[in-house]
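**Student:** This is the structure, below, for whatever I ask next.
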Amino acid sequence: MPELPEVETIRIGLSNKILHKPIRQIKILKPKLVKNKPKNFQDILRNNQIINIDRRGKLLIFNLADENFLLIHLKMTGQLIYISQNQIIAGGHNFPLAGQLPNQYSHVIFSFIDNSHLFFNDLRQFGYLKIVGHLEKEKIVAKYGPEPLGKNFSLDKFKEILSKRKGVLKPLLLNQQIIAGIGNIYADEICFRAKIKPNRKINTLTNQEIINLHKATQYIMMKAIHKKGTTFSDYRDSDNQRGNFVQYLKVYGRENKKCLRCRMANIKKISLGGRGTRFCPYCQK
DNA sequence: CTTGAGGCCTGGTCGC
DNA sequence: TGCGACCAGGCCTCAA
């Protein structure tokens with residue numbers, strides 16, 4: 001489930017590899033995932049180059065030399081795997097990478113002029129690729145809320161956001177138009193760190209709790225990026241798995257296990273907004 | 001305005 | 001051994 005830290009890790013990993021490399025060929029094996037006409041998509045990309053990679057929330061934005069933009073969203077199970085000679089840079093869902101590529105989940109394949117390849121894999125086919133012009137890109141980007149690690153996400157800004165909202169806390173954290181990039185795993189981790197129940201009503205949060213929530217959001221995001229995300233693996237070879245936030249998860253996937261902080265209760269799992277939600281019923285208030 | 005359900009998908013797990 | 005039910009959750013759409 002690539003969230004902001006995973007997508008950022010992919011962005012950095014790919015930026016070191018594929019910039020300014022002419023694209024030789026694009027294979028579209030699952031046209032449904034490409035939101036342009038296949039022929040247009042291929043015509044634009046062929047002989048084009050990626051000159052920069054941006055990110056907004058969980059959306060990857062590849063700036064192309066011809067001033068178009070390739071948007072890639074991995075949704076839940078998308079992967080981007082770059083293979084050049086003996087080097088593999090992979091990111092996204094932690095579905096096994098072992099074995100030959102392309103595999104049955106490789107839906108779009110970019111081949112570069114030096115015979116390296118970028119595979120877009122997606123088990124559940126929720127992800128997409130789309131080429132847009134400058135105006136449409138700006139329109140899409142404008143819909144996102146502030147980046148949690150950007151300077152726009154100040155405590156004052158956060159207080160302002162919260163003051164206008166009622167309802168329950170966690171769905172707000174997941175709302176990309178409010179804050180960009182938080183997904184289900186980190187929303188639970190943020191609430192845990194801030195010692196606030198995910199189903200707290202927003203208008204009952206105290207000033208101190210809002211401060212804690214703001215700090216926890218930045219802390220969790222920063223630490224997860226530093227650890228290269230939760231479901232990301234940076235391979236040198238198929239066995240050498242590096243960079244993993246999994247070991248730092250405090251509530252996600254720990255239902256019915258003792259709370260690691262207070263040790264007074266077991267982590268509880270409920271459904272909130274249709275999503276599995278974990279929290280400690282004792283030390284989260 | 002908010003909230004909830006359904007849909008898109010496949011694979012893993014669990015109960016029978 | 002197999003089969004159906006259910007869950008995983010990003011994000012859009014539609015209904016209430």
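Residue 285 is where the first sequence ends in full-length UniProt numbering, and the numbering goes up by one at each step. Note that the Cβ used here is the ideal one computed from N, Cα and C, for glycine as well.
Note down, in chain order, each residue of its chain lying with its Cβ closer than 6 Å to the Cβ of Q25, except the 5 sequence neighbours on either side.
**Tutor:** Indexing the first sequence from 1 puts residue 25 at position 25. Excluding residues within five positions, the ones whose Cβ falls inside 6 Å are S111.
**Student:** Please check the pair L4 and M221, which I expect to be a contact at CB under 8 Å, by giving their CB distance rounded to whole angstroms.
**Tutor:** Taking the first sequence and counting its residues from 1, one reaches residue 4 at position 4. Taking the first sequence and counting its residues from 1, one reaches residue 221 at position 221. Contact holds; Cβ gap of about 6 Å.
**Student:** Going by C-alpha to C-alpha distance, which of I12, A180, P22, A65 sits closest to F158?
**Tutor:** On the first sequence, position 158 is the one that residue 158 refers to. Nearest C-alpha to F158: A180.
**Student:** How would you write the range of the beta strand (DSSP E) that residue 287 sits in, first residue to last?
**Tutor:** Only positions 1 to 285 of the chain appear in the structure, and residue 287 is not among them; the question remains open.
**Student:** Whose C-beta lies closer than 6 Å to the C-beta of I72 among residues of the same chain, with five residues either side of it excluded?
**Tutor:** Here residue 72 is taken as the residue at index 72 of the first sequence, counted from 1. The answer, listed in chain order, is L60, L129.
**Student:** Report yes if the C-beta distance between D114 and K228 is below 8 Å; otherwise report no.
**Tutor:** Position 114 of the first sequence, counted from the first residue, corresponds to residue 114. Position 228 of the first sequence, counted from the first residue, corresponds to residue 228. No; because the gap between Cβ atoms is not below 8 Å, this pair is not in contact.
**Student:** Given this structure, state the Cα-to-Cα distance separating N266 from L272, to the nearest angstrom.
**Tutor:** Against the first sequence, residue 266 aligns to sequence position 266. Against the first sequence, residue 272 aligns to sequence position 272. Cα to Cα, the separation comes out at about 18 Å.
**Student:** Going residue by residue through the stretch 180 to 236, where are the continuous alpha helix (DSSP H) segments of at least 4 residues, counting only ones entirely within it?
**Tutor:** Taking only runs of at least 4 residues, the alpha helix (DSSP H) segments lying wholly in the stretch 180 to 236 are 184 to 193, 207 to 226.
**Student:** In the DSSP assignment, find the unbroken beta strand (DSSP E) run with K250 in it and report its ends.
**Tutor:** Counting from one through the first sequence, the residue named residue 250 turns up at place 250. Counting along the chain, K250 falls outside any beta strand (DSSP E), and DSSP gives it neither H nor E.
**Student:** Relative to the C-alpha of K201, which residue among K151, Q218, R165 is closest?
**Tutor:** Numbered from 1 along the first sequence, position 201 holds the residue referred to as residue 201. The shortest Cα separation from K201 among K151, Q218, R165 belongs to R165.
**Student:** Assign A216 to buried or exposed, taking buried as 16 or more other Cβ atoms, counted over all protein chains shown, within 10 Å of its Cβ.
**Tutor:** If you number the first sequence from 1, residue 216 lands on position 216. It is buried - the Cβ of A216 has at least 16 other Cβ atoms within 10 Å.
**Student:** Give me the residue from G183, I196, C262, T206 with the minimum Cα distance to G276.
**Tutor:** For the purposes of this step, residue 276 is taken as residue 276 along the first sequence, with counting starting at 1. Ranking the options by Cα distance to G276, first place goes to G183.
**Student:** Report back the beta-carbon spacing between L120 and G78 to the nearest angstrom; my notes put them in contact at under 8 Å.
**Tutor:** Here the question's residue 120 lines up with position 120 in the first sequence. Here the question's residue 78 lines up with position 78 in the first sequence. Note that residue 120 corresponds to Phe in the displayed sequence, not to Leu. Right, the Cβ-Cβ distance comes to about 7 Å (below 8 Å), so this counts as a contact.
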